[in-house]
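Peer 1: Here the protein sequences come in this chain order: G and Y. Residue numbering for the first sequence follows the numbering used here, starting at 15 and increasing by one per position. Residue numbering for the second sequence follows the numbering used here, starting at 61 and increasing by one per position.
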Amino acid sequence: MVEEIVSTINRAAIQFNATVLANKRVGQYHQIVFGIGDLVKSCRPGNFVAIKVGGDSSRMILRRAFAISRVSESVSFGGTMELIVAPHGAGSKWLCSQAEGSEVDIVAPLGTAFGIPTQPVKTLLVGGGYGSAPLFGLAEVLKARGCKVDMLLGASVGGKIYAPMEGKRSVNSLKIYTEDGSMGETGRVTDPIRKLIEEKQVDVIYSCGPMTMLRAISELTAGTDVVHQCAVEEAMACGIGICMTCVLPVMDESGKVAMLRSCIDGPVMDGSQVQWQMVGQVPEALA
Amino acid sequence: MADGGASSGGAGVSTFDFSTTLGNAFFNTPIFTASGCASSGKELAQFFPLKDIGAVVTKSVMNKPRYGRPTPRMAETPSGMLNSIGLQGPGIDAFLANDVPWLIEQKSRVIVSIAGETVEEYATLARKVRSIAGISALEVNISCPNVENRGLVFACDPDVSRRVIDGVRRTMGGEIPIIAKLSPDVTNLPEIAKGVVDAGADALALINTVLGMVINLDSMRPHLGGKTGGLSGPAIRPVAVRAIYQVHAALPNTPILGMGGVASGRDALELILAGASGVSVGTASFGNPSAVIQIQHELHELLVAKGFPSLKSAIGYAHRAEEK
Chain G
15 MVEEIVSTIN
25 RAAIQFNATV
35 LANKRVGQYH
45 QIVFGIGDLV
55 KSCRPGNFVA
65 IKVGGDSSRM
75 ILRRAFAISR
85 VSESVSFGGT
95 MELIVAPHGA
105 GSKWLCSQAE
115 GSEVDIVAPL
125 GTAFGIPTQP
135 VKTLLVGGGY
145 GSAPLFGLAE
155 VLKARGCKVD
165 MLLGASVGGK
175 IYAPMEGKRS
185 VNSLKIYTED
195 GSMGETGRVT
205 DPIRKLIEEK
215 QVDVIYSCGP
225 MTMLRAISEL
235 TAGTDVVHQC
245 AVEEAMACGI
255 GICMTCVLPV
265 MDESGKVAML
275 RSCIDGPVMD
285 GSQVQWQMVG
295 QVPEALA
Chain Y
61 MADGGASSGG
71 AGVSTFDFST
81 TLGNAFFNTP
91 IFTASGCASS
101 GKELAQFFPL
111 KDIGAVVTKS
121 VMNKPRYGRP
131 TPRMAETPSG
141 MLNSIGLQGP
151 GIDAFLANDV
161 PWLIEQKSRV
171 IVSIAGETVE
181 EYATLARKVR
191 SIAGISALEV
201 NISCPNVENR
211 GLVFACDPDV
221 SRRVIDGVRR
231 TMGGEIPIIA
241 KLSPDVTNLP
251 EIAKGVVDAG
261 ADALALINTV
271 LGMVINLDSM
281 RPHLGGKTGG
291 LSGPAIRPVA
301 VRAIYQVHAA
311 LPNTPILGMG
321 GVASGRDALE
331 LILAGASGVS
341 VGTASFGNPS
351 AVIQIQHELH
361 ELLVAKGFPS
371 LKSAIGYAHR
381 AEEK
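In structure tokens, the structure reads:
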């Protein structure tokens, strides 16, 4: 019913200079739009990009990875790609400081994409913090397939919720949860999921956000018929599969656990196969 | 400036000889990937044709499949990074069955890097590599903990370094060169280099990463799952230049595959002038997937611009007495 998570293994990826077309602050985040031309045709919801930061004399030697929020095509700008960036570290702050017209070195698109249902099923999109960014582009694709699209967004405080006005058009419903109650309902974004599953309101859950949230959803879907596709987040040095730093323990059909790279075997993974309890550990020696 | 006197004009470009040799292995160009920084080549093939570079040096492989170390495995540092991967890999049998044939199909030159936990494991690995046709050289990565000696790194012990290479030498028939990859974390690198060359290494790979640590200020504990990690990137380039210069001075007839923080053609030339016959590009590929091919183009242009008639005429140039 749901297509396989699509692995591209860098096959669509190119390295190029993209122009910053717009860069504006949205709450605690920056919404940055790049001109990427025809590359929009190979970008899928769930894919990410790796961006060189700090300029040529930078002491930061590694690219920074960002989920693609969405891509679009317009007559005036051609193909564009939007990223939602939280200015946390030196690299993301540099990116957020890039003015319109700046050129940025990008490798894109990278990683696996969310599997899109072939039939109009009931989907639930769950985002934590700015993890909601890629879900709006996904919502548009799901809506076009005739799926029912409900969305739950959560964060510790209201300022960390990313929910653009235009994004709300592509969902059937949107509920917001904050731990301090400063926006939407008080509580965690995972609170209503058990009931939705029990009431058969959902066939597929798509999630993006902190690993604790992804793990909690996987525990809720365990033993049910609900498919859980999650976009994981692990520290990456390269983003293209050569450094082996971003690995996660994942079980295959035969029951064997392997340390898979979240950059090329992810970021979208089947939540039921990720061995969440083993993250940060190493499985015992291979039998 | 350089001897020989090929002009840097158009004719010089076309006659410039970019080739190099390591032992009896010939390479069209002197720029290679570095082991552990290109996986088995597939991931980089999207960014440049693998056959266009000197060789792909594959990630060090052990006898059995291996999970490696727990995450976090990486920390960025000023002009560098620490890694603690712990030699995650498929094991030599799966590697030789799946990865090497693919590389040969791409018409790529292949240098297989092996790593072991015992002297015996290295010999076993070498025997398996020897049985496969189409491999250009064997890199023996001895910067691994020796489980038979309290985890002391082989490369830090002159005697055990010799014994590893001796065991590999007895297994190999001399069809392909043995390249011993050494650690810079030693007091007397030329002494260890001489030991492994006496034991039968045809060439040396210098340098492996430099041992380091980062403390996470949130947890106030070592950041990496494996606590310590290997420092790489431009931060260690002067260490590599020094190591290559010292070893080339001590062993001028032993070819050196240089590596350590090379991120541009000028960096590669620095290592060649210090005494490297070839240069591996490692961490630079993490930040720039086209780094290997770009550095190769830049080095070619630089050598021609400086008037060298060939790559070989630049090797060890920094050791020559200054012309009055």
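Even glycine gets a Cβ: it sits at the ideal position worked out from N, Cα and C.
Taking 8 Å as the limit between beta carbons, can you name the residues of its chain near Thr94 (chain G), skipping five residues before and five after?
Peer 2: Correct list, in chain order: Leu35, Val47, Phe48, Gly49, Ile50, Val54, Val85, Ser86, Glu87, Ser88.
Peer 1: Just mark Asn276 (chain Y) as buried or exposed, buried being the case when its beta carbon has 16 or more other beta carbons within 10 Å.
Peer 2: exposed
Peer 1: Over the uninterrupted beta strand (DSSP E) stretch that includes Gly96 (chain Y), give me the two end residues.
Peer 2: Element bounds for Gly96 (chain Y): n/a, residue is neither H nor E.
Peer 1: Which class does Arg39 (chain G) belong to by DSSP, given the choice of helix, strand or coil?
Peer 2: strand
Peer 1: What residue range is occupied by the uninterrupted alpha helix (DSSP H) comprising His308 (chain Y)?
Peer 2: For His308 (chain Y), the enclosing alpha helix (DSSP H) starts and ends at 297-310.
Peer 1: Give me, in chain order, the residues of the same chain whose beta-carbon lies closer than 7 Å to that of Cys216 (chain Y); leave out the 5 immediate sequence neighbours on both sides.
Peer 2: Ser243, Asp245, Val246
Peer 1: To the nearest angstrom, how far is it from the Cα of Gln42 (chain G) to the Cα of Gly145 (chain G)?
Peer 2: Each residue's Cα considered, the two are about 13 Å apart.
Peer 1: Taking the straight line between their C-alpha atoms, what separation do you get for Cys57 (chain G) and Glu96 (chain G)?
Peer 2: Rounded to whole angstroms, Cys57 (chain G) to Glu96 (chain G) spans 11 Å at the Cα level.
Peer 1: Are the Cβ atoms of Gly83 (chain Y) and Ala263 (chain Y) separated by less than 7 Å?
Peer 2: yes
Peer 1: Based on the DSSP secondary-structure assignment, which residues constitute the bridge partners of Val54 (chain G)?
Peer 2: Answer by DSSP bridge pairing: none, since Val54 (chain G) is not bridged.
Peer 1: So Gly318 (chain Y) and Leu331 (chain Y) are supposed to be a Cβ contact under 8 Å. How far apart are they, rounded?
Peer 2: 4 Å
Peer 1: With a 10 Å radius around its C-beta and 16 neighbouring C-beta atoms as the bar for buried, classify Asn313 (chain Y) as buried or exposed.
Peer 2: exposed
Peer 1: Assign Thr137 (chain G) to one of two classes, buried (16 or more other C-beta atoms within 10 Å of its C-beta) or exposed (fewer than that).
Peer 2: buried
Peer 1: Consult DSSP for Gly141 (chain G) and reduce its assignment to one of helix, strand or coil.
Peer 2: strand
Peer 1: Rounding to the nearest angstrom, what Cα-Cα distance links Glu177 (chain Y) and Met273 (chain G) in this structure?
Peer 2: 21 Å
Peer 1: What did DSSP end up calling Asn143 (chain Y) once you bin it into helix, strand or coil?
Peer 2: strand
Peer 1: Count the other CB atoms, across all protein chains shown, that sit within 10 Å of the CB of Gln45 (chain G); report buried if there are 16 or more and exposed otherwise.
Peer 2: buried
Peer 1: For Gly255 (chain G), go through chain Y and note every residue whose CB falls closer than 7 Å to its CB, in chain order.
Peer 2: Ser99, Glu103
Peer 1: Between Lys189 (chain G) and Leu166 (chain G), how many whole angstroms is the CB-CB distance? I'm expecting something under 8 Å.
Peer 2: 5 Å
Peer 1: Should Thr269 (chain Y) be labelled buried (16 or more other beta-carbon atoms within 10 Å of its own) or exposed?
Peer 2: buried
Peer 1: Assuming Met271 (chain Y) and Ser144 (chain Y) form a contact by the criterion Cβ under 8 Å, report the distance between their Cβ atoms to the nearest whole angstrom.
Peer 2: Note that residue 271 (chain Y) is Leu in the sequence shown here, rather than Met. With a Cβ gap of about 10 Å, Leu271 (chain Y) and Ser144 (chain Y) do not count as contacting.
Peer 1: Measure the CB-CB distance between Gly31 (chain G) and Pro123 (chain G) and report whether it falls below 7 Å.
Peer 2: It should be noted that the sequence gives Asn, not Gly, for residue 31 (chain G). Their beta carbons are not under 7 Å apart, which means Asn31 (chain G) does not touch Pro123 (chain G) by this criterion.
Peer 1: Between the Cα of Glu181 (chain Y) and those of Y:Glu165, Y:Met122, Y:Gly260, spot the shortest distance and give me the residue it belongs to.
Peer 2: Y:Met122
Peer 1: Helix, strand or coil for Ala79 (chain G)? Go by DSSP, reduced to three states.
Peer 2: Three-state DSSP puts Ala79 (chain G) in a strand.
Peer 1: Check each residue of the region 130-162 of chain Y: if its Cβ is closer than 7 Å to any Cβ of chain G, include it; give the result in chain order.
Peer 2: Per Cβ criterion, the list reads Pro130, Thr131, Pro132, Arg133, Met134, Glu136, Pro138, Ser139, Gly140, Met141, Asn143, Ile145, Gln148.
Peer 1: Assign Val296 (chain G) to one of two classes, buried (16 or more other C-beta atoms within 10 Å of its C-beta) or exposed (fewer than that).
Peer 2: buried
Peer 1: Pick from Y:Val117, Y:Pro132, Y:Asn88, Y:Ser99: whose alpha carbon is nearest that of Ala249 (chain G)?
Peer 2: Y:Pro132
Peer 1: Using a beta-carbon distance cut-off of less than 8 Å, what residues from the region 191-217 of chain Y approach chain G?
Peer 2: The region 191-217 of chain Y vs chain G, Cβ under 8 Å: nothing.
Peer 1: Along the chain, where does the alpha helix (DSSP H) containing Lys209 (chain G) start, and where does it finish?
Peer 2: That run of the alpha helix (DSSP H) goes 207-212.
Peer 1: Decide if the region 73-81 of chain G is in contact with the region 166-177 of chain G; the criterion is three or more beta carbon pairs, one per stretch, under 8 Å apart.
Peer 2: no
Peer 1: I want to see whether chain Y comes within less than 7 Å of Gln29 (chain G), judged by CB atoms only; does it?
Peer 2: yes
Peer 1: Express the C-alpha separation of Leu156 (chain Y) and Ile195 (chain Y) in angstroms, rounding to a whole number.
Peer 2: So the alpha carbons of these two residues sit roughly 10 Å apart.
Peer 1: Cα-Cα, which of Y:Pro130, Y:Gly140, Y:Phe86, Y:Val170 is closest to Val116 (chain Y)?
Peer 2: Y:Val170
Peer 1: Are there 16 or more other CB atoms within 10 angstroms of the CB of Thr204 (chain G), so buried, or fewer, so exposed?
Peer 2: buried
Peer 1: So with CB distances below 7 Å, who are the chain Y contacts of Thr132 (chain G)?
Peer 2: Ordered by position in chain Y, no residue passes the 7 Å Cβ test against Thr132 (chain G), which lies about 28 Å from the chain.
Peer 1: Would you mind giving the Cβ-Cβ distance between Pro294 (chain Y) and Gly140 (chain Y), rounded to the nearest angstrom? I have them listed as a contact below 8 Å.
Peer 2: 7 Å
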